[in-house]
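Chains as they are written, first to last, in our numbering: chain A, 1 to 334; chain B, 335 to 927.
Right, dumping it as structure tokens:
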């Protein structure tokens, strides 16, 4: 790869030097018919190149993209995304064709006369109204889905605090009362790493963990805090993201749809995992198995690029057993 | 002011010049210098992204204390992306683009002897120069330059404990930007006053070339939004240096609780993006104005839908001030605000679509003179469409939460405002170079420059959409901490190769530019057979632009290929040629267009 890179650099520099030395030979400054003919053809070639990489990427890179949404709320996200993507895809293909094809077709020459065509209210109305109508649909669906995602009213939801610091994550489950005790940086001391107010009755049964376990099919209500700078809790597989802001609590929620095991069996995921493992095997690294992950997506300093927490989605019974094993804060912090 | 001759020394002519033509060249050359720095930085961090653990002697040479054995440190990586963004957005695409072309073209195209205030114009440049110098100095601070991203969100930007670049580097960043804002405001006020008050006889607002409309509206957006960034920066200075808590609250860092209480970073985000979003139109609108002019001239056709073009510039400008929240869907602000900003944001698609369609219709049935400037303008329309369309995904709050701050965003804004605006700038340079230097740039080098650049621009930014859709966050020093991103490594290599080649291709442009200043062919008065007033001035620069009286304007700027019989495309040109200068009076019985 590195050799390839040096070759490319070499070629680029070579071409530059060669061209610069030839600057004295080419005195032309204004495009003549010959230039127009040539450049028009190049526009056509470029169009072919551009369509080729567009289509190649759309097909070949399908495998690297995120798999189907793993949350129930995310279904509509995927749906809306597909609609939007088809729409902009069609417009993109038509517009780029027109731009470069017209450049080719109407390349200038001495015998051609341009059409004097300064205005057409009819045309302009058409391309004002059509985008407007299409947008009404997109905006309508988008807003409906936004309200859907942001609706956190569910008394049965599992309440979990996700706590960000430079550079890692903690999590705290609300315990039997399903209410988190209050927290503040002033309480940070010793093993009370996330500053829980232990004089609050609600804090006693809270459970602090280093990995997230979520029950499948149940709404999870996240509350985010940050200890120092802005972080962003990004859970790409669930189509979820929210900033963690020092000084305030932010919220987000979703309902996991597939357990980690189920997700590993999905064809998209298996395909992607296969690709990744081929690369890892070639480098002699451990094989990768799919896991949900929470990563930091707001620039937060030196180790921003490695700040992560594993998320495991399990069936309700398995979750119940796991959460029962976790010690309450009252027993940990005396 | 042109009536009496100034005695010009070297200093008053080339350094402290008050002539708008000289000031525009000063802006351009300074902007180009800053651009070279910013592009070199992007080359360095692209090396890191493609080959994360590989040692490069070039990194050793450039980054000195911030690397070990030719591998850059994570902190300097963040510094590089921060300064790359800052310089490109502000120093190159705001000052370099607006400063150059507003200065050059506003007086020349409206028929004025100079800017309303030549003195303030000079001050505007020298403040810009000063801020550039400070920004460059900040690169040599021991702990590294500002590293909190070009958006400098506190607390990261406020606390040196959080990242080393938030020490002296950040202080210099804030000083530099404050001076920059002052420069930009003085410039913008000057542009507005000049356009409103100094138009020559007959130059009604409805006859202004679209370039001037774009510069004029851009200046208004600048005046509305830049002061807000200044206040945001000042409050940040207070938080950093005087212990206030505008943006900070409840922070525990380096083992201690800080005293800040009651502030919120979300406030900063609101203030920042109130400038930040209009800023992308401050960058883009001048490029679109330049493109309108060049596409019309080189198509030998009137720009299609002049009125609609002006209205869409105004609509974009208005909407741009009420959409800032789409950068903050996930900031923790009330979800209801998210709905409002989604609505206003997606509305921008309408005027943008009108502009794109109008450009394409202008090309239709034209007689396209494919000069390098024309190719760059066509390239701009292409990248503007490609980048603009993905805005429909990101502007929709429900979709944004899934891909916010990933490489999808990086691809989107680089195409729609980065590459497009740079293309507009190149188009403008190729087109008005004869007006700046009295010589022409070489077209063959221009063609090489264009084709390599557009292939590389798409080679870099098209694949980038897909690594964003794979969930890869931006501003990651390396992707190796997450096995799920392992299959993106090859794509990163491809992107980097395109970036390096594209970056190297700019050498062709620089060589063409500087050699042509001295050795280019002598320009004729109106090389592109254009209608606008700047081509009625003599090739040699003179103070006051026109030797005699300022010419009077009798028509709009786009009477290209006007026919005897408007309904018959085969009829003869009304004025015997396919262009009609704005100074040509209407013939008897001629309908104004």
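For every residue, glycine included, the Cβ atom is placed at its ideal position computed from N, Cα and C.
Selected residue, minimal CA-CA separation from residue i, among the options
{"i": "residue 221 of chain A", "options": "A:289, A:152 and A:263", "result": "A:152"}
{"i": "residue 430 of chain B", "options": "B:505, B:514 and B:739", "result": "B:514"}
{"i": "residue 496 of chain B", "options": "A:231, A:212 and A:60", "result": "A:231"}
{"i": "residue 47 of chain A", "options": "A:255, A:102 and A:32", "result": "A:102"}
{"i": "residue 427 of chain B", "options": "B:626, B:617, B:727 and B:646", "result": "B:617"}
{"i": "residue 237 of chain A", "options": "A:6, A:78, A:39 and A:37", "result": "A:78"}
{"i": "residue 442 of chain B", "options": "B:926, B:893 and B:887", "result": "B:887"}
{"i": "residue 925 of chain B", "options": "B:470, B:899 and B:784", "result": "B:899"}
{"i": "residue 625 of chain B", "options": "B:710, B:425, B:774 and B:666", "result": "B:710"}
{"i": "residue 580 of chain B", "options": "B:401, B:600, B:590 and B:919", "result": "B:600"}
{"i": "residue 309 of chain B", "options": "B:522, B:874 and B:809", "result": "The structure shown does not extend to residue 309 of chain B, since chain B is modelled only from 335 to 927, so the question has no answer here."}
{"i": "residue 452 of chain B", "options": "B:759, B:358, B:751 and B:882", "result": "B:358"}
Residue i Cβ short of 7 Å to the ligand COA heavy atom set
{"i": "residue 656 of chain B", "result": "This structure simply doesn't include the ligand COA, nor any ligand for that matter."}
Where residue i sits in the DSSP three-state scheme
{"i": "residue 580 of chain B", "result": "coil"}
{"i": "residue 215 of chain A", "result": "strand"}
{"i": "residue 227 of chain A", "result": "coil"}
{"i": "residue 574 of chain B", "result": "helix"}
{"i": "residue 389 of chain B", "result": "coil"}
{"i": "residue 250 of chain A", "result": "strand"}
{"i": "residue 593 of chain B", "result": "coil"}
{"i": "residue 112 of chain A", "result": "coil"}
{"i": "residue 449 of chain B", "result": "coil"}
{"i": "residue 405 of chain B", "result": "strand"}
{"i": "residue 295 of chain A", "result": "strand"}
{"i": "residue 533 of chain B", "result": "coil"}
{"i": "residue 790 of chain B", "result": "helix"}
Cβ shell of residue i (< 7 Å), same chain only, five flanking positions each side left out
{"i": "residue 609 of chain B", "result": "559, 560, 562 and 563"}
Proximity test, Cβ basis, 8 Å: residue i and chain A
{"i": "residue 712 of chain B", "result": "yes"}
{"i": "residue 490 of chain B", "result": "yes"}
{"i": "residue 839 of chain B", "result": "yes"}
{"i": "residue 369 of chain B", "result": "no"}
{"i": "residue 774 of chain B", "result": "yes"}
C-alpha distance - residue i paired with residue j, whole-angstrom precision
{"i": "residue 746 of chain B", "j": "residue 721 of chain B", "result": "5 Å"}
{"i": "residue 395 of chain B", "j": "residue 482 of chain B", "result": "24 Å"}
{"i": "residue 351 of chain B", "j": "residue 298 of chain A", "result": "45 Å"}
{"i": "residue 92 of chain A", "j": "residue 687 of chain B", "result": "12 Å"}
{"i": "residue 642 of chain B", "j": "residue 543 of chain B", "result": "13 Å"}
{"i": "residue 208 of chain A", "j": "residue 793 of chain B", "result": "46 Å"}
{"i": "residue 461 of chain B", "j": "residue 620 of chain B", "result": "21 Å"}
{"i": "residue 843 of chain B", "j": "residue 448 of chain B", "result": "29 Å"}
{"i": "residue 615 of chain B", "j": "residue 650 of chain B", "result": "8 Å"}
{"i": "residue 335 of chain A", "j": "residue 737 of chain B", "result": "An answer regarding residue 335 of chain A cannot be provided, because it is not within the stretch 1 to 334 covered by chain A."}
{"i": "residue 444 of chain B", "j": "residue 891 of chain B", "result": "11 Å"}
{"i": "residue 546 of chain B", "j": "residue 363 of chain B", "result": "22 Å"}
{"i": "residue 780 of chain B", "j": "residue 753 of chain B", "result": "17 Å"}
{"i": "residue 764 of chain B", "j": "residue 671 of chain B", "result": "44 Å"}
{"i": "residue 797 of chain B", "j": "residue 176 of chain A", "result": "48 Å"}
{"i": "residue 336 of chain B", "j": "residue 596 of chain B", "result": "Low confidence applies here, because residue 336 of chain B scores a pLDDT of 44, under 50, leaving its location unreliable; read the following figure in that light. Approximately 58 Å between the Cα atoms of the pair."}
{"i": "residue 328 of chain A", "j": "residue 191 of chain A", "result": "13 Å"}
{"i": "residue 63 of chain A", "j": "residue 272 of chain A", "result": "6 Å"}
Residue-level contact to chain B via CB, residue i, 8 Å cutoff
{"i": "residue 247 of chain A", "result": "yes"}
{"i": "residue 107 of chain A", "result": "yes"}
{"i": "residue 211 of chain A", "result": "no"}
{"i": "residue 124 of chain A", "result": "yes"}
{"i": "residue 266 of chain A", "result": "no"}
{"i": "residue 344 of chain A", "result": "It is not possible to answer for residue 344 of chain A, since the shown part of chain A is limited to 1 through 334."}
{"i": "residue 119 of chain A", "result": "yes"}
{"i": "residue 232 of chain A", "result": "yes"}
{"i": "residue 170 of chain A", "result": "no"}
Nonlocal neighbours in the same chain, by C-beta distance under 6 Å from residue i, ignoring five residues either side
{"i": "residue 164 of chain A", "result": "226, 231 and 244"}
{"i": "residue 733 of chain B", "result": "727"}
{"i": "residue 724 of chain B", "result": "746"}
{"i": "residue 436 of chain B", "result": "525 and 549"}
Close-in-space but distant-in-sequence residues of the same chain around residue i (CB under 8 Å, 5 per side omitted)
{"i": "residue 322 of chain A", "result": "213 and 314"}
{"i": "residue 110 of chain A", "result": "33"}
{"i": "residue 528 of chain B", "result": "440, 441, 444, 446, 449 and 450"}
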